[in-house]
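So the sequence shown is numbered by the numbering used here: it starts at 5 and just counts up by one.
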Amino acid sequence: DKVSFMLGGYLWAYAAGQFINGFLGDKLGSRVMLALGFCVTIAMNLLFGFSSTFLLFFLVWTVNGYAQSVGWPSVIKVLSNWFSVRERGKIMGPWGTCYNVGDVVPTLLASFIIGHAAMRTIVRDGKTVTYSDWRWTFWAAAGLMVVVAVVALALIRNKPEDKGLPSIAQYHGLQEEKGASEKVDLLKNAKEVLSQVPIWILGITYFGIKYIRYSFIYLITTYLATQKHFSTENAGYISTLFTLAGVAGTIAGSYLSDKAFSSRRAPITVLMLLGLCGSLFFFWKASGWGIPVALGLVGFFAMGPDFLVSAVAVMDYGSRKGAGTAAGFVNGVGSFGPAVMATVNGFLLERGGWSSVFLALLVLSILCALLMSTLWKSVGRN
5 DKVSFMLGGY LWAYAAGQFI NGFLGDKLGS RVMLALGFCV TIAMNLLFGF
55 SSTFLLFFLV WTVNGYAQSV GWPSVIKVLS NWFSVRERGK IMGPWGTCYN
105 VGDVVPTLLA SFIIGHAAMR TIVRDGKTVT YSDWRWTFWA AAGLMVVVAV
155 VALALIRNKP EDKGLPSIAQ YHGLQEEKGA SEKVDLLKNA KEVLSQVPIW
205 ILGITYFGIK YIRYSFIYLI TTYLATQKHF STENAGYIST LFTLAGVAGT
255 IAGSYLSDKA FSSRRAPITV LMLLGLCGSL FFFWKASGWG IPVALGLVGF
305 FAMGPDFLVS AVAVMDYGSR KGAGTAAGFV NGVGSFGPAV MATVNGFLLE
355 RGGWSSVFLA LLVLSILCAL LMSTLWKSVG RN
């Protein structure tokens, strides 16, 4: 339908933008890229609220998808400059809850605005009609983004040296990465980053992980309502356990990669992916109270590897100089997962029902674990 088509435009633009903006972020710097991304996102949310035709909705939301893709590689680039390999797991875990919380807070804000703050009353055919004006949710989002943009751009610096501080390598008494402080040659930097086999392994793995994660995001409420016989309301409440448990998985996985595996990201990622495989089977067959428990386990074991691969490992292998390019590439490849997922899962549901969907997710989690196991002994560059 039209909404799916519009969301498809957003997802494909977001995926393409990851590649482009990752490269540009290493060249232009994160603050410049974030400023551009903030401006375009704010403008698109404002414009969406004033739109009234499908063509305009589609174009605005597609451009917004591209603008949103600026954020992840730009922030990963900044963090790679401020934290060394040996401390990133402990630091990045709590930080990584941002996109879990970011899923929940805007939804609650939009729900509140629609339910209370955006009510309008008109007289139609002699009758008083009260309705909710959805446009205010987008205008409010733009206003919130203005506040975030001002705070972020006022406080963020690309690297310690911009504040007259020593580089993170100098601070920890480590060997400085070769060429880290030199002016970035866009093509040379991209070639250097993309010539690394681990970057490709991370990208392909993240495609699978994101396919699994978005399968749950889009299908879980429907599955609970139609297959486990929950009411639509209760299915919505229970589905939040996936995100909430994911917060714990993000923190635990990142912390353990430093504490238990000496800053090697692959071992804990492999173990959590195997845990994901088991919890997927548990959820598929669960009944009663086992359903919310299993869903929480799926969220825990899915979000841990998701963040380790897309953020912490990317920083390690991309290095200070190429972190933006690495993050853009890995997240770009991964972002094709949700786009492909919608078509493939629809085909599987039509041909084989929910069993075929779960079997596909189980196989995919095992393949991701096997792929990451090739990096078991590998440690990223400083």
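By construction, the Cβ of each residue, glycine as well, lies at the ideal position given by its N, Cα and C atoms.
| query | Which of helix, strand or coil does DSSP assign to residue 163? | reply | coil
| field | Segments assigned alpha helix (DSSP H), at least 4 residues, entirely inside the region 15-83 | value | 34-54 and 58-72
| Among 316, 221 and 292, which one has its Cα closest to the Cα of residue 268? | 316
| said: So, for residue 150: in the same chain, excluding its five sequence neighbours on each side, which residues have a beta-carbon less than 7 Å away from its beta-carbon? | reply: 46
| With 16 as the cutoff for other CB atoms within 10 Å, does residue 72 come out buried or exposed? | Looking at its Cβ environment, which holds 16 or more other Cβ atoms inside 10 Å, residue 72 is buried.
| request: Return the chain-ordered list of same chain residues with a C-beta closer than 7 Å to the C-beta of residue 314, the five sequence neighbours on each side being excluded. | output: By the criterion of a C-beta distance shorter than 7 Å, residue 314 is surrounded in its chain by 210, 334, 335 and 338, once the five residues flanking it on both sides are discounted.
| said: Let me make sure I understand the geometry here. Which of 235, 18 and 27 has the alpha-carbon closest to that of residue 330? | reply: 27
| Under the three-state reduction of DSSP, which class applies to residue 6: helix, strand or coil? | helix
| field | DSSP three-state assignment for residue 366, whether helix, strand or coil | value | helix
| Could you give the distance in angstroms between the alpha-carbon of residue 94 and the alpha-carbon of residue 266? | 11 Å
| field | Per-residue burial, residue 258 [other beta carbons within 10 Å of its own, 16 or more giving buried] | value | buried
| message | Taking its Cβ as the centre, do 16 or more other Cβ atoms sit within 10 Å of residue 277, making it buried, or is it exposed? | response | buried
| said: Please classify residue 296 as buried or exposed, where buried requires at least 16 neighbouring CB atoms within 10 angstroms. | reply: buried
| query | Ordered along the chain, which non-local residues of its own chain (more than five positions away) have a Cβ less than 7 Å from that of residue 227? | reply | 358
| CA-CA distance, residue 17 and residue 142? | 19 Å
| message | Considering just the uninterrupted stretch of the alpha helix (DSSP H) at residue 98, what are its terminal residues? | response | Counting along the chain, the alpha helix (DSSP H) containing residue 98 begins and ends at 89-99.
| request: Under 8 Å by Cβ, that's how I've got residue 22 and residue 322 pegged, so tell me the actual separation to the nearest angstrom. | output: Not a contact, Cβ separation roughly 13 Å.
| task | Below 8 Å CB to CB, which residues in the same chain sit around residue 157 once its five sequence neighbours on both sides are set aside? | result | 35, 38, 39 and 42
| message | Just verifying my parser: in three-state terms, what is the DSSP assignment at residue 131? | response | Three-state result, residue 131: strand.
| said: Residues in the same chain with beta-carbon distance under 6 Å from residue 341, minus the five sequence neighbours each way, listed in chain order, please. | reply: 211, 214 and 215
| Residue closest to residue 373, alpha-carbon to alpha-carbon, out of 111, 281 and 165 | 281
| message | If distances are taken between C-alpha atoms only, which option among 25, 305 and 89 comes closest to residue 263? | response | 89
| message | Beta-carbon within less than 8 Å of residue 20's beta-carbon, same chain only, minus the 5 sequence neighbours each way: which residues are those? | response | If we look at residue 20 and ignore the five residues flanking it on each side, its Cβ neighbours are 70, 73 and 336.
| field | Contacting residues, own chain, Cβ-Cβ under 6 Å from residue 78 (five flanking each side not counted) | value | 29, 34, 37 and 38
| task | Pick helix, strand or coil for residue 292, following the three-state DSSP scheme. | result | coil
| field | Local conformation of residue 386 per DSSP, three classes | value | The predicted position of residue 386 is uncertain, since its pLDDT is 49 and thus under 50; no value can be drawn from it.
| Within this structure, are the beta carbons of residue 304 and residue 240 separated by less than 8 Å? | no
| residue 201 versus residue 294: straight-line alpha-carbon distance, rounded | 40 Å
| request: Provide the residue span of the alpha helix (DSSP H) that contains residue 201, from first to last. | output: From DSSP, the alpha helix (DSSP H) with residue 201 extends over 201-230.
| task | Pick out whichever of 161, 204, 225 and 231 has its Cα sitting closest to the Cα of residue 246. | result | 225
| query | Roughly how many angstroms separate the alpha carbons of residue 375 and residue 318, rounded to a whole number? | reply | 16 Å
| request: Please classify residue 138: is it buried, with 16 or more other beta-carbons within 10 angstroms of its beta-carbon, or exposed? | output: exposed
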